[in-house]
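> 1223 is the number that my numbering gives to position 398 of the sequence shown; each next residue is one higher, with no gaps. Note that beta-carbon positions come from the ideal geometry of N, C-alpha and C, so glycine has one too. Just so it is clear, the structure is predicted and the values come from calculations on it, not from any experiment. One structure, as structure tokens, below. Some questions next.
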Amino acid sequence: MASQIQPADRPPRLLSLDVYRGLIMCLLAVNGLALAATAKRLGYGPDASPADLTGRIWQSLAFHNSHPHWNSQFYVLGCSFWDLIQPAFMFMVGVAMPYSYASRKQRGDSNGKLISHAFVRSIVLVLLGVFLATRTTGLESNRMLTNVLAQIGLGYFFVFLLLGRSAKLQVACGTVVLVGYSIFLTYYPVVEPQPDASIASAASLSVPDSIATQYAIHTNGAARADVWILGLEQGDKPLQVHPAGYATLNFIPASVTMLLGLLAGTLLRSQRSDSEKIRRLLLSGLVCMSVAIAASYTLCPIVKKIWTPAWTLYSGAWVIWMLALLYWVIDVLGLRRWTWPLVIVGMNSLAMYLMFMLMKGWIIAGYKTYLGKDVFTGVYGPTLQAIAVFVVLWLICLYLYRNKIFFRI
826 MASQIQPADR
836 PPRLLSLDVY
846 RGLIMCLLAV
856 NGLALAATAK
866 RLGYGPDASP
876 ADLTGRIWQS
886 LAFHNSHPHW
896 NSQFYVLGCS
906 FWDLIQPAFM
916 FMVGVAMPYS
926 YASRKQRGDS
936 NGKLISHAFV
946 RSIVLVLLGV
956 FLATRTTGLE
966 SNRMLTNVLA
976 QIGLGYFFVF
986 LLLGRSAKLQ
996 VACGTVVLVG
1006 YSIFLTYYPV
1016 VEPQPDASIA
1026 SAASLSVPDS
1036 IATQYAIHTN
1046 GAARADVWIL
1056 GLEQGDKPLQ
1066 VHPAGYATLN
1076 FIPASVTMLL
1086 GLLAGTLLRS
1096 QRSDSEKIRR
1106 LLLSGLVCMS
1116 VAIAASYTLC
1126 PIVKKIWTPA
1136 WTLYSGAWVI
1146 WMLALLYWVI
1156 DVLGLRRWTW
1166 PLVIVGMNSL
1176 AMYLMFMLMK
1186 GWIIAGYKTY
1196 LGKDVFTGVY
1206 GPTLQAIAVF
1216 VVLWLICLYL
1226 YRNKIFFRI
């Protein structure tokens, strides 16, 4: 997409990036409006077969606001929108890197200082992720390193080391990582999969059964690695991997998601015309999608929960296209008036994420204390509760924005 970091001759912030971050954080903080839970209360859960249009709409909304059990690809190009939240989050970390780097260089920071700052940032992100994952369960949690902040932290420093290198080298490194990780998952000797662990699905493309077995939930190479990394199998202690199938080693292919963001951010800071930038973003997404779909037929299924290499490219295409759309609307066409509610959150995305993770329970308890314990009962209770929590979090972000308080690492 692009190569070298250019001098800081453009505005230090990319408005479409702040909007993108704000949009993703708002969707997370509003918990997808809890549409999946509300749909279930209405009788339109995933196992229902509604005949009416209303029911089908509710079921579709529920699908796009929840994570599928295992497969992440539906009808070739389809996926749950909720599955794209984390890839978008990680992609934007990469997009921001060239802007942050140029800003710090303009301030006079040396290369050594920039490298040490990136290393410290990585450690802090991992520690924050571990804290969020273990604050209620202790350090024996099987989720300790699968939190998005920990995943970003584990890969951030290595991606940073590629900052300013040629695009060819960056693409080559990403390719080696994805091919190498695919080989690991495909040839790692797995135990017999559980009866319900097959990734095959009538609504999803499927690789041959011999390969599908290698990518089964709880028995794939990444899941088995967690047994060693987290010490989940000690003596008579039963094996307790992550119940949903997430794995610590996801950070390896997920680093390529950040690398795609780095390439995109470098492109957007370049001197190329806006039309050329958008063209390259769209084309890059098309290449990623084409390779991912080809892999999903033959070599590697598209599974978000273990971040398969095919998922890296599949989700990468979607998040690149989302950035291209926002860049075109906001930075090229100049349609900006509608963006301010999202910018408020986007400029404090870390604060919004931490508040959502740490304060959600307190906020709900506060509502119930002052408005009654039954305030969120009823069919639409989950959606009303999600909105109520989001309003408080957004108002806090508004206060921080007006007082120029921005949380950074």
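#1: Quick one: using the 10 Å Cβ neighbour count with 16 as the cut-off for buried, is Pro1014 buried or exposed?
#2: DSSP three-state call for Gly1159: helix, strand or coil?
#3: Assess contact between the segment 992-1009 and the segment 973-981, defined as three or more Cβ pairs (one per stretch) separated by less than 8 Å. Is contact present?
#4: Check the DSSP bridge columns for Phe899 and list the partner residues they point to.
#5: Are there 16 or more other CB atoms within 10 angstroms of the CB of Ala864, so buried, or fewer, so exposed?
#6: Taking Gly1171 and Val844 to be in contact with their CB atoms under 8 Å, please state how far apart those CB atoms are, rounded to whole angstroms.
#7: For Ile1221, which option in Ser1007, Gly903, Ile1188 has the closest C-alpha, if you only look at C-alpha atoms?
#8: Could you work out which residue in Arg1233, Lys1185, Trp1165 is closest to Arg1227 when comparing CA atoms only?
#9: Quick check: the segment 1111-1127 against the segment 1032-1046, are at least 3 beta-carbon pairs closer than 8 Å?
#10: Do you know how far the Cα of Ala854 is from the Cα of Tyr981?
#11: When you compare the segment 1135-1151 with the segment 893-913, are there three or more beta-carbon pairs, one atom per stretch, that lie closer than 8 Å?
#12: Just confirm the distance between the C-beta atoms of Ala1142 and Met1114, as a whole number of angstroms; I'd bet it's less than 8 Å.
#13: Can you tell me the Cα-Cα spacing of Arg1097 and Lys1229, whole angstroms?
#14: Please classify Ile882 as buried or exposed, where buried requires at least 16 other C-beta atoms within 10 Å of its C-beta.
#15: From Asn936, Phe906, Gly937, Arg946, pick the residue whose C-alpha is nearest to that of Val918; which is it?
#16: Measure the beta-carbon distance from Ile1077 to Val1002 and round it to whole angstroms, keeping in mind my assumption that it falls under 8 Å.
#17: Under 7 Å Cβ to Cβ from Ala1022, same chain only, skipping five residues before and after it: list those, please.
#18: Should Gln911 be labelled buried (16 or more other beta-carbon atoms within 10 Å of its own) or exposed?
#19: What is the DSSP secondary structure of Cys1125, reduced to helix, strand or coil?
#20: Taking DSSP as the reference, what is the three-state secondary structure of Thr962?
#21: Taking the alpha-carbon of Thr971 as reference, which of Leu858, Pro1068, Val1154, Ala873 has the nearest alpha-carbon?
#22: Taking the beta carbon of Gln931 as the centre, do at least 16 other beta carbons fall within 10 Å, making it buried, or is it exposed?
#23: Hey, would you say Leu1084 sits closer than 8 Å to Val984, going by beta carbons?
#24: Can you tell me which of the three DSSP states Leu1138 falls into?
#25: Quick one: give me the first and last residue of the alpha helix (DSSP H) that Val1200 is part of.
#26: Please state whether DSSP places Asn972 in a helix, a strand or coil.
#27: Rounding to the nearest angstrom, what Cα-Cα distance links Ile1234 and Ala927 in this structure?
#28: Would you kindly work out how many angstroms separate the C-alpha atoms of Arg1254 and Arg838, rounded to a whole number?
#29: Compute the beta-carbon to beta-carbon distance between Ser841 and Asp1156, rounded to the nearest angstrom, for a pair I have assumed lies under 8 Å.
#30: Leaving out five residues on either side along the sequence, give the residues of the same chain with a beta carbon under 8 Å from the beta carbon of Ala958.
#31: Identify the continuous alpha helix (DSSP H) that holds Trp1153 and give its terminal residues.
#32: Cutting at 7 Å between CB atoms, please list the residues of its own chain near Tyr1224, excluding the five before and the five after it.
#33: Between the Cα of Leu1179 and the Cα atoms of Trp1132, Thr879, Cys904, Leu952, which residue gives the shortest distance?
#34: Phe1009 and Gly1046 - do their beta-carbons sit closer together than 8 Å?
#35: If I'm right that Thr1073 touches Ala1037 with Cβ under 8 Å, what's the distance once you round it to whole angstroms?
Taking the definition as stated:
#1: exposed
#2: coil
#3: no
#4: Gly903
#5: buried
#6: 6 Å
#7: Ile1188
#8: Trp1165
#9: yes
#10: 24 Å
#11: yes
#12: 4 Å
#13: 33 Å
#14: exposed
#15: Arg946
#16: 6 Å
#17: A caution first: Ala1022 carries a pLDDT of 44, below 50, which makes its placement in the model unreliable, though a value can still be read off. Ala1041, Ile1042, His1043, Thr1044, listed in sequence order.
#18: buried
#19: coil
#20: coil
#21: Pro1068
#22: exposed
#23: yes
#24: helix
#25: Val1200 -> no alpha helix (DSSP H), and no H or E assigned at all.
#26: coil
#27: 16 Å
#28: Because the chain here runs from 826 to 1234, residue 1254 falls outside it and cannot be looked at.
#29: 5 Å
#30: Ser966, Arg968, Met969, Leu970, Thr971, Asn972, Ala975
#31: That residue, Trp1153, is in no alpha helix (DSSP H); it is neither H nor E in DSSP.
#32: none
#33: Leu952
#34: yes
#35: Rounded, the Cβ-Cβ distance is 22 Å, inconsistent with contact.
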